[in-house]
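>
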Amino acid sequence: MTVLKYLQAYPERLQDQVRQLIAEGRLGDYLDQRYSGRHDVQSDKALYSYALDLKQQYMRNAPAIDKVLFDNRLDLTHRALGLHTTVSRVQGGKLKANKEIRIASLFKDAAPDFLKMIVVHELAHFKESDHNKAFYKLCEHMLPGYHQIEFDLRVYLTWRDMQA
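Each step along the sequence shown adds one to the number in full-length UniProt numbering, with nothing skipped, and position 63 is 63.
#1: What first and last residue would you give for the alpha helix (DSSP H) that runs through leucine 106?
#2: Once the 5 residues before and after lysine 127 are set aside, which same chain residues still bring their CB inside 7 Å of it?
#3: Mind checking who lysine 94 pairs with in its DSSP beta bridge?
#4: CA-CA distance, leucine 123 and leucine 52?
#5: Would you say glutamine 91 touches the ligand HEM, meaning its beta carbon is less than 8 Å from a heavy atom?
#6: Which residues in the same chain as tyrosine 146 place their Cβ atom closer than 6 Å to its Cβ, once the five residues preceding and following it in sequence are excluded?
#7: Assuming phenylalanine 70 contacts serine 105 under a Cβ cut-off of 8 Å, what Cβ separation, rounded to an integer in Å, is found between them?
#8: Does the count of Cβ pairs from the segment 36 to 46 and the segment 5 to 12 closer than 8 Å reach three?
#9: Label alanine 110 either buried or exposed according to how many other C-beta atoms from any shown protein chain fall within 10 Å of its C-beta, with 16 as the threshold for buried.
#10: Among Val120, Tyr136, Leu31, which has the Cα closest to the Cα of alanine 157?
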């Protein structure tokens, strides 16, 4: 039985469906059907603008984002597709907190829905730090069908590993 490292938290029946697609050589076709194309966000400046637009549309009262960038040091071995950080520094007599989002560089070549899912996920962490019900409700509000896209992203990562 093939171990699907990105899908281990999902029910066995879903994993079996993915295994069947792999056995039939149709996993790539499944992904192409659902997520064809590539997004146009290729620079850190464009990614910042993309994230800021999403934030303005759905989370106006959330703290400002100071930096958003593609990070080639993020990799899947650390289970990090994206990171949100708050860097606190003392400047004069004040404590300043910079909010940053880093997205794994492998998503430069991904489908638009996958990039949006990662950015939405990281933005949601600025309001909800834990992966709880409120967090996923916010993700679903910003990206309807969030859960299916997250699952398919994990299927995409499985397919990507098979290509290597």
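The beta carbon of each residue, even a glycine, is placed where N, CA and C say it ideally should be.
If we stick to the structure as given:
#1: By 1-based counting over the sequence shown, the position of residue 106 is 106. Looking at the DSSP string, leucine 106 is not in any alpha helix (DSSP H), and its letter there is neither H nor E.
#2: Taking the sequence shown and counting its residues from 1, the one referred to as residue 127 is at position 127. Answer for lysine 127: Met59, Ala62, Leu138, listed in chain order.
#3: Working through the sequence shown from its first residue, we reach residue 94 at position 94. Per DSSP, Gln91.
#4: Within the sequence shown, the letter at position 123 stands for residue 123. Within the sequence shown, the letter at position 52 stands for residue 52. The alpha-carbon atoms of leucine 123 and leucine 52 are separated by roughly 9 Å.
#5: Among the components of this structure there are no ligands whatsoever, and the ligand HEM is therefore not found.
#6: For the purposes of this step, residue 146 is identified with residue 146 of the sequence shown, where counting begins at 1. These residues qualify, in order along the chain: Cys139, Glu140.
#7: By one-based count along the sequence shown, residue 70 stands at place 70. By one-based count along the sequence shown, residue 105 stands at place 105. 5 Å between Cβ atoms; contact.
#8: no
#9: Within the sequence shown, the letter at position 110 stands for residue 110. Under this definition alanine 110 is a buried residue.
#10: The sequence position of residue 157 within the sequence shown is 157, counting from 1. Before going further, note that residue 157 is leucine rather than alanine in the sequence given. Of Val120, Tyr136, Leu31, the residue nearest in Cα terms is Leu31.
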